[in-house]
Structure formats: structure tokens, C-alpha cells
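Novice: One structure coming up, written as C-alpha cells, with questions to follow.
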Amino acid sequence: LTPQTLAGKRLLITAGPTYEAIDPVRGITNRSSGKMGFAIARAAREAGAQVTLVAGPVNLTTPHGVSRLNVTSARDMLTAVQAQVDAADLFIATAAVADWRPANAADQKIKKDGSGQVPELAFVENPDILATVAHSPRAQSGALYCVGFAAESQDLLANAQTKRARKQVPLLVGNIGPQTFGLDDNALLLVDAHGHTELPRADKLTLARQLVAEVARRLAA
Ligand code: C5P
């Protein structure tokens with residue numbers, strides 16, 4: 017039986033990619049599968065937490081006992097998170113949120129007119145969901161514990177430390193390369209105020225259970 021290290025705790029977690037519309041039939045997304053976030057949701061539930069999972073467009077089954085909200089864009093995800101976050105003790109941001117969205121999504125499908133002209137896309141920045149939550153008074157006072165993720169292609173430790181400071185989260189988890197999107201295995205680098213530790217390569221559910229135990233220890237400290 018799993019130790020109930022998160023008994024009585026309420027977890028809010030984001031997972032998967034976001035999808036940013038260009039027009040009603042086209043959009044921009046990324047290759048996040050959502051697997052790591054869904055595995056963490058499952059592991060946290062097993063550890064006794066009450067779990068709300070805010071999921072971008074993914075093809076994954078909701079873990080048993082987890083309450084799920086489906087969203088599409090980064091702005092939808094922020095709205096869903098803000099509606100739920102006051103009831104959470106723990107926020108884990110695993111979603112690969114699109115950094116930018118098309119500035120003006122067209123109401124109608126953009127037509128190819130045969131002239132060889134191509135549309136020009138302008139972008140605007142999306143809200144940073146994790147930073148928004150982590151800068152809130154409840155997070156800053158320690159009532160809400162925030163965990164961020166980082167997918168970096170180089171200098172993982174240095175980048176994870178910088179990201180941890182910039183987003184003001186107590187724990188930042190780096191995906192140790194190569195690129196893990198869609199894969200079943202991963203390895204994690206945990207960076208907090210005391211230093212860093214590595215969870216060696218394993219399947220995502222095993223890692224999720226280890227990460228939940230690490231987070232629970234820090235919550236209890
Ligand atoms: O800045 P970067 O995208 O590398 O930060 C990654 C972390 O921030 C992840 O935890 C991700 O879920 C979160 N994030 C977010 N909203 C964004 C961008 C990133 O919540 N717009």
C-alpha cells in the first residue's frame with residue numbers, strides 16, 4: 017500500500033500542451049504528451065491527495081479518482097487554474113504552455129486565394145501561469161506550495177536555478193535530456209533552496225511516485 021504522504025492535501029496540477037488558434041481550423045501547439053503530469057496526478061491520488069488536473073488537449077485517460085478539467089489555450093488554462101487555486105495546498109505546473117499565441121485569431125477560415133500570397137502571423141505573449149500563481153500572496157506566504165518544471169536542451173542545472181528564482185517557486189524540476197516529450201521514460205533534476213538531487217532514469221509513473229514523496233517531505237518540513 018502506498019504511504020499516505022499527501023493525505024488531506026489538495027493538489028492542483030496542469031498538464032499537456034496548449035493549443036492556440038490561428039483560425040477555426042488551424043492552430044499552433046507543441047509535442048507535450050501530458051504523460052508526466054498525468055502520472056504525477058495519479059501518484060498524488062495514490063498518496064491520499066485530492067487532485068484536480070487541468071489538462072490541455074491530450075489523448076490520455078483520467079487517472080482513477082482524479083477530477084479533470086479540459087482546456088484548450090493558455091488563457092483558458094489560466095482561467096481554470098485561477099478558479100481552482102484558492103482551494104489548493106499544492107500547485108504543480110507540468111503543462112508545456114505555449115509561450116506565444118497568434119495576435120488576432122481569424123473568425124473564419126483563412127482562404128488560400130491562389131495568388132501565391134501567404135498570410136503573415138503576428139504573435140503576442142501568453143500569460144505565465146506558474147509565475148502568476150507563484151507570485152500570489154498565498155504562495156508567497158507558504159500556504160500554497162508551488163512546483164515548476166523546466167525542459168532545457170542545455171545547462172540544465174544553471175537554467176533550472178535561474179528559472180526557480182525568476183518564477184519564485186520553492187522547487188523546480190528539470191527534465192534531464194534528451195527531449196522527453198512523448199516518451200515513457202524520463203530522469204529528473206530537483207532544484208530547491210538547499211541544492212539539487214537527481215532522480216535517475218525510470219518510467220514516468222515510478223518517477224512521479226518518487227517526486228510525490230519528495231514534495232510531501234518538503235510540505236511537511
Ligand atoms: O519559462 P518556461 O516555459 O521554461 O517555464 C516552465 C514552467 O513554467 C513549467 O512549470 C510550465 O508549466 C510553467 N509555465 C506556465 N505558463 C507559461 C509558461 C510556462 O505555467 N506561459
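With the sequence shown counted from 1, adding 16 to any position gets you this note's numbering.
Just so it is clear, CB atoms sit at the ideal spot from N, CA and C, and this is done for glycine as well.
Just to check, is the beta-carbon of V113 closer than 7 angstroms to a non-hydrogen atom of the ligand C5P?
Specialist: Because some heavy atom of the ligand C5P lies under 7 angstroms away, the Cβ of V113 counts as near it: yes.
Novice: Could you give the first and the last residue of the continuous alpha helix (DSSP H) run that contains I246?
Specialist: This structure leaves residue 246 out entirely; the chain is present only between 17 and 237.
Novice: On the DSSP bridge assignment, give the partners of T30 in chain order.
Specialist: Answer by DSSP bridge pairing, in chain order: V70 and A109.
Novice: Suppose the cutoff is 6 angstroms on Cβ atoms and the five residues either side in sequence are ignored; what does the same chain contact list for A59 look like?
Specialist: The answer, listed in chain order, is A224, R225 and V228.
Novice: Can you give the Cα-Cα distance for V185 and T21, rounded to whole angstroms?
Specialist: Approximately 21 angstroms, taken between the alpha carbons.
Novice: I think G158 touches K183, with their Cβ atoms under 8 angstroms apart; what is that distance to the nearest whole Å?
Specialist: Contact doesn't hold; Cβ gap of about 16 angstroms is too wide.
Novice: Between which residues of its own chain and N86 is the CB-CB distance below 6 angstroms, once the five residues before and five after are set aside?
Specialist: Closer than 6 angstroms at Cβ, skipping near neighbours: A71.
Novice: So for R16, helix, strand or coil by DSSP?
Specialist: Absent from the model: residue 16. The displayed extent of the chain is 17 to 237, so no value can be given.
Novice: When you compare the stretch 127–145 with the stretch 160–174, are there three or more beta-carbon pairs, one atom per stretch, that lie closer than 8 angstroms?
Specialist: Result no; under three Cβ-Cβ pairs closer than 8 angstroms.
Novice: From R233 to Y161, what does the alpha carbon distance come to, in whole angstroms?
Specialist: For R233 and Y161, the distance between alpha carbons rounds to 12 angstroms.
Novice: Is it the case that the Cβ atoms of P135 and I44 are separated by a distance below 8 angstroms?
Specialist: Not closer than 8 angstroms, so no.
Novice: For the ligand C5P, is there a heavy atom less than 7 angstroms away from the beta-carbon of P73?
Specialist: Checking every heavy atom of the ligand C5P against the Cβ of P73, none is found closer than 7 angstroms.
Novice: Over what stretch of residues does the beta strand (DSSP E) that includes G211 continue unbroken?
Specialist: G211 to D219 is the span of the beta strand (DSSP E), which, as asked, contains G211.
Novice: What three-state label does DSSP hand F197 in the structure shown?
Specialist: Looking at F197 - three-state DSSP - the assignment turns out to be coil, as it is neither helix nor strand.
Novice: Suppose contacts are defined by Cβ-Cβ distances below 8 angstroms. Is I38 in contact with A121 by that definition?
Specialist: Closer than 8 angstroms, so yes.
Novice: Assess, as a yes-or-no matter, whether the stretch 89–106 is touched by the stretch 26–34 under the definition of 3 or more beta carbon pairs within less than 8 angstroms.
Specialist: Taking 8 angstroms as the limit for Cβ pairs, the verdict is that the stretch 89–106 does touch the stretch 26–34.
Novice: Do the CB positions of A166 and N175 come within less than 8 angstroms of each other?
Specialist: Cβ distance < 8 angstroms, so A166 and N175 count as in contact.
Novice: Who are the near neighbours of L187 in its chain, counting only those whose CB is closer than 6 angstroms to its CB and skipping five residues on each side?
Specialist: Contacts found: V163 and D208.
Novice: Do G193 and L205 have their CB atoms nearer than 8 angstroms?
Specialist: No, they are not a contact pair.
Novice: Give the secondary structure of D39 by DSSP, where H, G and I count as helix, E and B as strand, and everything else as coil.
Specialist: Of the three classes helix, strand and coil, the one that applies to D39 here is strand, per DSSP.
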